[in-house]
Amino acid sequence: MDRSWITTTKLGDPKYKAGVMEFLKFALDNNSEGRDRLPCPCYMCHNLMHHKVDEILNHLSKWEFDITYTHWYRHGEKREETSAHQGDNTDEGGTLEEMMDQLHEIVDNDPQVIEELLTDSELPLYKESKYTKLSAIVKLYNVKVGHSVTNQCFTTFLKVFKDILPPENVLPSRTYKAKKMLCTTDLNYEKIHACPNDCILYRDEFEALKKCPECNVSRYKKKEGVSAKVLWYFPIIQRFKRMYADAGDAEKLTWHKFGRKKNDGLLRHPADSPQWKFIDGKFDDFGKEERNLRLGLSTDGMNPYSSLSSTYSTWPVMLVTYNLPPSLCMKRNYIILSMLISGPKQPGNDIDVYLAPLIDDLKLLWEKGVEVFDGSRNEMFNLRAMLFCTMQDYPAYGNLSGYTVKGECACPICEDGWKGRWVKASGKNVYFDHRPFLPHDHPYRKLKKAFNGEQNF
């Protein structure tokens, strides 16, 4: 397909108009998928804004086609169809392009963000530089994070680089300014005020209250505006969308369907378990879409200040994606921190109060799903997810499930089948007879004197 019109013609040129019409026909034939909005490739939108076809045509009649968009992968063209001259992009440019692609949903709702990003992505670092202001900061910041460089050290590096570069360079001289440039690319988080006694979260119908309606304790510390307790929530849906927007990650998320060895009788992955197969059979509409997520939730208390005598407690709530290969499931890059429950004491049985925002998102992902762009297949699909299992120690299990892990029947599996006995001298329930775990015909079950004076059948 001839694309020379992108760089050789101007607005109003008949060849330019013919090229635009050819592009729109290609987009509708290859990537519409029934959607009425497509990324707009004009110079102002850079494929970040989604419009209807007639509005895209209007934009392309007012503003030139984005000359950097020579590979139409956002409109259905496969990546292997890229021509030779399109493969000359530097690693820095490719990283920046991927980052900008993943931001289209954010900037659709905030025009100021796209204006700032486009300005920084087009402003040369200095005259005749191959880097723009944004691509240079992205490259340098990747080095900072990859090598655990401190903010103070990074500021020193920026000052040295700025002094070495030509005088007209626009490189920021401080870490703060670099972070401020990149903050629009971050995934957002929510700070939700909580009752100090773990009664409620100040959200939904309680958002405007200044006192807890249950215990009447103030929402704030002595100074109004400073919350007595805060929950940090990192919305999971945006993080799943970003995972699928990356073509490599999107392909890895279908490993359980296309990459694993099946029916060899070995348990190498949760997908080999009876539970996975049971879910696929009972909820066949969920199991048919291999991109639907199976998640594991884990939480436990930790002391962030490395002092065992401290009374401060933080409970991170983590999500693991079991669609991935076993070598990646537990890697740091793929474990999602969904919330931080912090405070002077652990939430205990009131942890359900803090889990409410996460549960709301999980219910949405299970019942309705959300529209997500699959970068490996260049298409939109309805993503659903389910909570496959939870992982925690025994006390945290009691907090999460609501099962009493103390007292006479503390085992959630055996329940009444294995009861403890109260020992008055120690003031505790003890579980001393382990014969229920032996085979039914084991001789120990008949012994009395060696155990508690009773037979066990």
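Residue numbers for the sequence shown follow full-length UniProt numbering, so the first one is 1 and each next one is one higher.
Note that the Cβ used here is the ideal one computed from N, Cα and C, for glycine as well.
Every value quoted in this text rests on a predicted model; they were computed, and no experiment measured them.
- If one requires a minimum length of 3 residues, the beta strand (DSSP E) runs lying completely within the region 365–398 are 370–374, 379–383 and 385–391, in chain order.
- In terms of CA proximity to SER218, ILE200 leads the group ASP350, ILE200 and TRP232.
- Looking at ASP198, LYS15 and TYR73, the one whose alpha-carbon comes closest to that of CYS40 is TYR73.
- Here PHE278 is exposed. Its C-beta has fewer than 16 other C-beta atoms within 10 Å.
- Between the region 350–359 and the region 404–421, the count of C-beta pairs closer than 8 Å stays below three; the two stretches do not touch.
- Excluding sequence positions up to five before and after ASP433, its CB lies within less than 7 Å of the CB of PHE451, ASN452 and ASN456, all in the same chain and listed in chain order.
- Look at LYS222 here: in three-state DSSP terms it is coil, with no helix or strand label.
- Between LYS221 and PRO124, the alpha-carbon positions lie close to 48 Å from each other.
- Taken through DSSP and simplified to helix, strand or coil, VAL53 comes out as helix.
- LEU328 and TYR334 have their C-alpha atoms roughly 7 Å apart.
- Proximity to CYS215 across GLY146, ASP198, LYS424 and LYS191 peaks at ASP198, based on C-alpha coordinates.
- When the alpha-carbon of ASN382 is set against those of CYS153, LYS211, LEU447 and LYS241, the nearest one is in LYS241.
- Excluding residues up to 5 positions away in sequence, GLY19 and THR70 lie with their Cβ nearer than 8 Å to the Cβ of ARG3 in the same chain.
- Residue environment analysis places ARG332 among the exposed positions, since fewer than 16 neighbouring C-beta atoms fall within 10 angstroms of its C-beta.
- For HIS193, the closest of ASP416, LEU340, PHE65 and LEU28 by C-alpha to C-alpha distance is LEU340.
- At a cut-off of 4 residues, the continuous stretches assigned as alpha helix (DSSP H) that sit fully inside the region 157–186 are 175–182.
- Going by DSSP, LEU134 is part of the alpha helix (DSSP H) stretching over 133–146.
- Counting only the Cα atoms, PRO436 lies some 12 Å from LYS446.
- Rounded to whole angstroms, the Cβ separation of LYS191 and VAL230 is 5 Å, and the two are in contact under 8 Å.
- Using a Cβ-Cβ distance cut-off of 8 Å, the region 381–397 and the region 250–266 are not in contact, since fewer than three pairs of beta carbons, one from each stretch, lie closer than that value.
- DSSP links PRO39 through a beta bridge to HIS50.
- In the displayed model, TRP72 falls within coil according to three-state DSSP, outside both helix and strand.
- The residue from PHE286, GLU415, ASN349 and GLY420 with its alpha-carbon nearest to that of GLU367 is PHE286.
- By the C-beta density criterion, SER148 is exposed, having fewer than 16 other C-beta atoms within 10 angstroms.
- SER313 places its beta carbon 9 Å or farther from that of MET330.
- Look at PHE65 here: in three-state DSSP terms it is strand.
- Three or more Cβ pairs drawn from the region 51–63 and the region 15–29 lie within less than 8 Å of each other, which places the two stretches in contact.
- Judged by DSSP in its simplified three-state form, THR155 adopts helix.
- Rounded to the nearest angstrom, the gap between the Cα atoms of ILE336 and MET318 is 6 Å.
- Taking C-beta atoms as the reference points, SER401 and PRO412 count as a pair closer than 9 Å.
- When the Cα atoms are used, ILE137 and CYS153 turn out to be separated by approximately 15 Å.
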